[in-house]
Structures are given as structure tokens and as C-alpha cells.
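Participant: In the numbering used here, the protein residues as written are 576 to 770.
Where a beta carbon is used, it is the ideal one built from N, C-alpha and C, also for glycine.
Shown below is the structure under consideration.
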């Protein structure tokens with residue numbers, strides 16, 4: 576099987592995938608008898624993305640992760656959910672977003688739509704499923720601690736805007752040196768052609 580791996584200069588955010596991923600994680604947490612808080616959903620997404628970039632050289636939803644005090648947060652996905660709370664205007668139509676999820680009590684996500692697995696590759700689905708299984712039972716504190724990995728530390732200490740490096744996320748996820756080189760070359764190529 577041939578895998579196509581791409582690494583954007585800046586992540587290419589896919590709103591439909593992001594909303595479906597949030598919907599999937601929230602639904603899986605609900606089925607496990609748990610509330611889907613922003614924190615838990617964001618950390619589960621982060622670990623799924625980390626696994627996928629470490630193994631395949633690409634993110635799932637294409638969001639940028641920011642090193643916030645309680646761990647990595649998918650920047651644009653968070654903005655979309657804040658728009659549902661009316662905290663922040665966002666370019667996506669609120670009616671479109673509410674076909675997937677609702678926000679209740681400021682920080683809890685309620686799945687309302689049907690998950691469309693057809694927009695995800697097999698490896699993306701597997702990464703999402705594994706991350707849910709590995710992280711659904713972890714407490715707020717344990718998820719925070721686990722997510723304060725080397726990529727988070729480096730961004731929190733050195734990045735001007737706390738944006739986490741794709742390469743560092745892959746490294747923290749256990750990417751081998753061949754994959755790190757592939758990701759770095761992808762970033763370099765995107766930077767060259769962007770000018």
C-alpha cells in the first residue's frame with residue numbers, strides 16, 4: 576500500500592474534518608458515560624494528531640496547536656467552539672456548525688449530527704479511535720500532565736505565539752529520524768514554493 580504524505584508550511588485546516596472529529600470524540604465519550612469537555616476533547620484530538628504525524632507525516636484535521644497552560648489546544652477548532660458560545664465571531668456559519676455539535680454550560684460538547692467517516696482515511700480513523708481508547712478515562716490532571724510533552728514544553732518556553740512545531744509534535748509522538756527528515760523536507764519545500 577502506498578501512503579501519500581504531505582506536510583504543509585502552515586497546517587491546511589479542514590473545517591469539515593475538524594467538526595466531524597470533535598463530533599466523533601464527543602460521541603465516543605458520551606457512549607462511555609463521560610461528559611465531553613473542551614479539555615478532554617482537545618487532548619484526545621492532540622494525541623490522535625500526534626500519532627498520525629509521527630507515523631504518516633501528516634495531521635488529520637490540519638489545525639495548528641497552541642501550548643496553553645493546561646496543554647495543547649487546536650487553535651481554529653477552539654475558535655469555532657467559542658463562536659458557538661458567542662465568544663468570538665468565526666467565518667463558518669453557526670447553522671453549519673450546529674449540524675455537528677452544540678456547546679452547553681460553556682465548556683461541554685454535545686454531539687448532534689452523524690459522524691461522516693468517509694472523509695477520513697483508514698489511518699486517520701485508527702488514530703482517532705486509539706486516542707479515544709487510550710485517553711477517555713484519564714482525569715483532567717492526568718490529561719494535562721500527559722500533554723505537557725517535549726513539544727508543548729519547547730513551544731511554551733521558546734515560541735513567540737506558543738504555536739507548537741509540527742516537527743516537535745512528531746518527535747514527541749515517537750517519530751523516527753526518517754519521518755522527522757521527511758517532515759522537515761516537506762516544510763522546507765512548502766516554504767520555498769510559498770515565496
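Beta-carbon within less than 7 Å of residue 748's beta-carbon, same chain only, minus the 5 sequence neighbours each way: which residues are those?
Facilitator: Within the same chain, and ignoring the five residues on either side of residue 748 in sequence, the residues whose Cβ sits closer than 7 Å to its Cβ are 625, 626, 628 and 629.
Participant: At 4 residues or longer, what runs of the alpha helix (DSSP H) sit wholly inside the stretch 594-673?
Facilitator: 613-631, 650-659 and 669-672
Participant: Tell me whether residue 754 sits in a helix, a strand or coil according to DSSP, three-state version.
Facilitator: helix
Participant: For residue 715, which of helix, strand or coil comes out of DSSP?
Facilitator: helix
Participant: Count Cβ pairs between the stretch 677-697 and the stretch 606-625 that sit closer than 8 Å; are there 3 or more?
Facilitator: yes
Participant: Between the C-alpha atoms of residue 719 and residue 726, what's the straight-line distance to the nearest angstrom?
Facilitator: 13 Å
Participant: Quick one: is residue 578 buried, meaning 16 or more other Cβ sit within 10 Å of its Cβ, or exposed?
Facilitator: Any reading at residue 578 must be qualified, since the residue scores a pLDDT of 32, below 50, and its modelled position is unreliable; the value itself is stated next. The residue in question, residue 578, is exposed, as its Cβ has fewer than 16 Cβ neighbours within 10 Å.
Participant: Is the CB-CB distance between residue 741 and residue 592 below 8 Å?
Facilitator: No. Outside cutoff.
Participant: Just mark residue 690 as buried or exposed, buried being the case when its beta carbon has 16 or more other beta carbons within 10 Å.
Facilitator: The residue is buried, with at least 16 neighbouring Cβ atoms inside 10 Å.
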